[in-house]
Ligand code: PMP
Ligand code: GLN
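In the working numbering, the protein residues as written are -13 to 373.
Below, the structure is given as structure tokens:
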């Protein structure tokens, strides 16, 4: 291909770090603690419902906004868990994963030159979607070693070009869950500066200890300016089904829908009844998953401590971060590049999620949504790791 063919808006495109690392894991036969997907499936009743839907011929285009039952289940879920009231007819849109909802919301509200403030490290699709819209990303640090939101930097980041805030909590890759003071400040700033707010809440149910997930749209002045995005992938261990959603006041959802219809038109027909059932009947299953993941988190943390690492214990998500300097590396990218060949493990370097590369340099992200046996084997291999 001629280099002149490539559009400038995708100038920095490359295979995602997750695709690259998962391919490396397959090629080297490594244990994959990189890309975040569990090694067990979601609830049996949900899997059975998808099989039934396929057998019953639910295989053609569903409605563009998603089937009514699923939109209703998404709205009921928000009402049940957060006392948030959304009209399933006009205020809920089903999407192809949270990824599509994020891209459609960004394309709907960000013009070329508009600034979008997001927590840095950023989940990788944010940078790409903002770039596709011609926007400019502005990072506000959630940096190590303590990984707390830098609230002064947040205040200072807002300027005349700021159009939107993109807030991810529980936060990938750090596992930080924003507290009520932090969320309150974000809400006050959004109202004061009249910003659009896009929230990425895909880990809303993967929270541990006494952590609480509080959607920003529950705070004063926020519902009318917020597009709330979540997905079934993490909550129901079905990352490959790609059923996500956005909810917002009708005028905002109409704009997001206008973009979504030309990205994918509709989303996964037979998975929609299955996720409907999971949302309506799966609260107990999700509570079990949360406990299981908390145990796995503690198990991996103990293993990593045993080999001289000092993991940052996440309050949400299924990712854990360590500084790899105790293992003789100053750079997480070099560490992750050596890891598969040296001991057959794949992990994700934090650096790829930062504009401020120095801030992320020594940190590495490990997924703990894997069986204890797999994580034990990874720790055993790491024990024998030499740079
Ligand atoms: N946001 C964050 C923070 C994520 O970690 C992920 C990965 N699940 C997504 C969005 C994308 O979600 P989905 O797979 O539903 O597109
Ligand atoms: N959200 C997953 C992670 O952070 C990856 C999803 C993807 O591969 N795009 O690992």
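Backbone N, C-alpha and C define an ideal beta-carbon position, used for all residues, glycine too.
Query, Result
"For a quick check, are the C-beta atoms of residue 244 and residue 19 less than 8 Å apart?", "no"
"Taking 7 Å as the cut-off, is the CB of residue 304 close to at least one heavy atom of the ligand PMP?", "no"
"Taking 7 Å as the cut-off, is the CB of residue 4 close to at least one heavy atom of the ligand GLN?", "yes"
"With a threshold of 16 other CB atoms inside 10 Å of the CB of residue -8, please say whether the residue is buried or exposed.", "exposed"
"Taking 7 Å as the line, does the beta carbon of residue 232 fall inside it for any heavy atom of the ligand PMP?", "no"
"On the criterion of 16 or more Cβ atoms from any shown chain inside 10 Å, does residue 299 qualify as buried, or is it exposed?", "exposed"
"Unbroken alpha helix (DSSP H) runs of length 4 or more, entirely within the stretch 203 to 250: which are they?", "218 to 221 and 236 to 249"
"Taking only three categories from DSSP, how would you classify residue 304?", "coil"
"Are residue 151 and residue 181 close, meaning C-beta to C-beta below 8 Å?", "yes"
"Among 75, 53 and 162, which one has its Cα closest to the Cα of residue 196?", "162"
"Assign residue 291 to buried or exposed, taking buried as 16 or more other Cβ atoms, counted over all protein chains shown, within 10 Å of its Cβ.", "exposed"
"For residue 151, report the span of its beta strand (DSSP E) as first-last.", "148 to 154"
"From residue 266 to residue 63, what does the alpha carbon distance come to, in whole angstroms?", "7 Å"
"State buried or exposed for residue 258, treating a residue as buried only when at least 16 other CB atoms are found within 10 Å of its CB.", "buried"
"For the ligand PMP, is there any heavy atom lying closer than 7 Å to the beta carbon of residue 78?", "no"
"Would you give the residue range spanned by the alpha helix (DSSP H) that residue 346 belongs to?", "343 to 346"
"Just to confirm, does residue 349 get its C-beta within under 7 Å of one of the non-hydrogen atoms of the ligand PMP?", "no"
"Please classify residue 299: does DSSP put it in a helix, a strand, or coil?", "coil"
"Which residues end up in the neighbourhood of the ligand PMP when you take C-beta atoms closer than 7 Å to any of its heavy atoms?", "22, 83, 84, 85, 86, 88, 109, 111, 154, 158, 186, 188, 189, 217, 219, 220, 225, 228 and 230"
"Can you tell me which residues form a DSSP beta bridge with residue 106?", "127"
"Using 8 Å for Cβ pairs, my map puts residue 51 next to residue 58. What's the rounded Cβ distance?", "In fact, because the Cβ distance is near 12 Å, the residues do not count as touching under 8 Å."
"Skipping 5 residues on each side, what residues in its chain have a beta carbon closer than 6 Å to that of residue 341?", "125"
"Below 8 Å on the Cβ atoms is my guess for residue 2 versus residue 189; work out the distance and round it to an integer in Å.", "Their Cβ separation, rounded to whole angstroms, is 18 Å, which puts residue 2 and residue 189 out of contact at 8 Å."
"If you count every other CB in all the chains shown that lies within 10 Å of the CB of residue 146, and 16 or more means buried, which is it?", "exposed"
"Kindly identify the DSSP beta-bridge partner or partners of residue 364.", "The partner list for residue 364 (beta bridge, DSSP) is empty, contrary to what the question assumes."
"For residue 307 versus residue 349, is the C-beta spacing smaller than 8 Å?", "yes"
"Is it buried or exposed, residue 158, if we count other Cβ atoms within 10 angstroms and call 16 or more buried?", "buried"
"Do the CB positions of residue 223 and residue 27 come within less than 8 Å of each other?", "yes"
"In chain order, what residues of the same chain have a beta carbon less than 7 Å from the beta carbon of residue 246, not counting five sequence neighbours either side?", "79, 81, 86 and 90"
"Using a Cβ-Cβ cutoff of less than 8 Å, which residues in the same chain neighbour residue 69 once the five nearest sequence positions on both sides are dropped?", "204"
"Among 328, 286, 343 and 370, which one has its Cα closest to the Cα of residue 359?", "286"
"What three-state label does DSSP hand residue 101 in the structure shown?", "strand"
"For the stretch 317 to 325 and the stretch 262 to 278, state whether three or more C-beta atom pairs, one from each stretch, are separated by less than 8 Å.", "no"
"Kindly indicate which residue of 274, 335, 33 and 128 has the alpha-carbon position closest to the one of residue 261.", "33"
"Going by the CB atoms, is the gap between residue 193 and residue 311 shorter than 8 Å?", "no"
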